[in-house]
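Asks:
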Amino acid sequence: ASLRVIVLVAAAAALVVVAVVSLFAGSKATGVGDVLTALGGGGDAFTREVVAARIPRTVLGMLVGGALAVAGVIVQGVTRNPLGDPGLLGVTVGASAAVVTAVAVFDATGGALVLAALPGALLAALLVVAIGARSRGMVTLILAGAALSAVLGAYIQAMTLLQPKVFDSFRHWVVGSLAGRGLDTAAQVAPLLVLGFVLAIVLAPGLNSLALGDDVAAAQGVHVQRV
81 ASLRVIVLVA AAAALVVVAV VSLFAGSKAT GVGDVLTALG GGGDAFTREV
131 VAARIPRTVL GMLVGGALAV AGVIVQGVTR NPLGDPGLLG VTVGASAAVV
181 TAVAVFDATG GALVLAALPG ALLAALLVVA IGARSRGMVT LILAGAALSA
231 VLGAYIQAMT LLQPKVFDSF RHWVVGSLAG RGLDTAAQVA PLLVLGFVLA
281 IVLAPGLNSL ALGDDVAAAQ GVHVQRV
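So, in structure tokens, the structure goes:
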């Protein structure tokens with residue numbers, strides 16, 4: 081327990097350090113004094129604009145990084161694979177396919193891509209789980225995710241090759257660039273991420289029990305299929 085506390089404290093301290101450094105790092109070198117002055121509303125207009133652009137980038141980076149970490153832990157718990165990631169269950173490719181479709185059909189941009197990615201990821205995950213639930217085995221679940229990823233991956237490749245505008249929008253979205261994102265973007269995704277974090281906390285005890293096996297988890301009162 082003490083080691084876990086030490087690791088958590090060290091990780092939190094590292095996060096604070098990196099967040100502070102991100103205010104100075106960028107294409108334009110900004111000194112500590114300039115940043116502090118800009119945060120207080122002083123300094124030249126250019127420095128204030130630079131700092132104002134870096135704050136949303138830092139906030140978004142922390143939110144997205146936390147979301148990716150939680151998603152990875154959940155998938156690892158469900159699949160009992162320490163190397164698992166959301167791509168195993170088709171979540172990543174489902175979101176990507178939905179984004180490609182939204183750009184091709186509705187010429188979606190910005191926040192609309194987030195609204196398209198969420199149901200796409202959810203539908204892909206539900207489809208994989210529905211297929212895997214028939215055999216109640218992790219191998220079937222992972223194979224279903226791999227098969228769906230292959231099919232949707234081919235669809236994404238076809239759409240990006242045939243439509244240049246789709247390729248241009250998708251390549252910027254898929255790399256996860258934080259450039260040009262404001263606090264309005266953070267405000268859009270923050271409620272969804274908080275909801276995801278709360279659900280992860282609720283599922284955590286069940287996932288810990290699943291690590292011991294389905295039979296042990298069921299004996300402890302865990303609804304295996306629901307988790």
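The sequence shown begins at 81 in our numbering and counts up by one. For each residue, glycine too, the CB sits at the ideal point set by N, CA and C. Being a predicted model, the structure only gives us computed values, none of them experimental.
1. Check Leu-258 in the structure and name its three-state DSSP category.
2. By the DSSP assignment, the alpha helix (DSSP H) with Asn-288 in it spans what residues?
3. Is the distance from the Cβ of Ala-188 to the Cβ of Ala-182 below 8 angstroms?
4. For the 8 angstroms Cβ check, are there 3 or more pairs between the stretch 254-261 and the stretch 125-140?
5. Would you kindly work out how many angstroms separate the C-alpha atoms of Asp-114 and Phe-186, rounded to a whole number?
6. For the alpha helix (DSSP H) that contains Asp-187, what are its first and last residues?
7. Measure the alpha-carbon distance for Leu-242 versus Gln-268 and round it to whole angstroms.
8. State the DSSP-derived secondary structure class of Ala-94, mapped to helix, strand or coil.
9. Any idea what DSSP makes of Ser-82, helix, strand or coil?
10. What are the start and end residues of the alpha helix (DSSP H) that includes Ser-22?
11. Identify whether Ala-133 lies in helix, strand or coil by the three-state DSSP scheme.
12. Mark Pro-271 as exposed unless 16 or more other C-beta atoms lie within 10 angstroms of its C-beta, in which case mark it buried.
13. Any idea if Ile-281 is buried or exposed, counting beta-carbon neighbours within 10 angstroms, 16 or more meaning buried?
Replies: Checking against the coordinates, here is how it stands:
1. Leu-258 falls in the coil class under three-state DSSP.
2. According to the DSSP assignment, Asn-288 belongs to the alpha helix (DSSP H) that extends over 263-290.
3. yes
4. Taking a cut-off of 8 angstroms for Cβ pairs, the stretch 254-261 and the stretch 125-140 touch, as three or more such pairs fall below it.
5. 43 angstroms
6. First-last for Asp-187: undefined, no H or E at that position.
7. Each residue's alpha carbon lies about 31 angstroms from the other.
8. helix
9. helix
10. Only positions 81 to 307 of the chain appear in the structure, and residue 22 is not among them; the question remains open.
11. helix
12. exposed
13. Counting the other Cβ atoms within 10 Å of the Cβ of Ile-281 gives fewer than 16, which makes it exposed.
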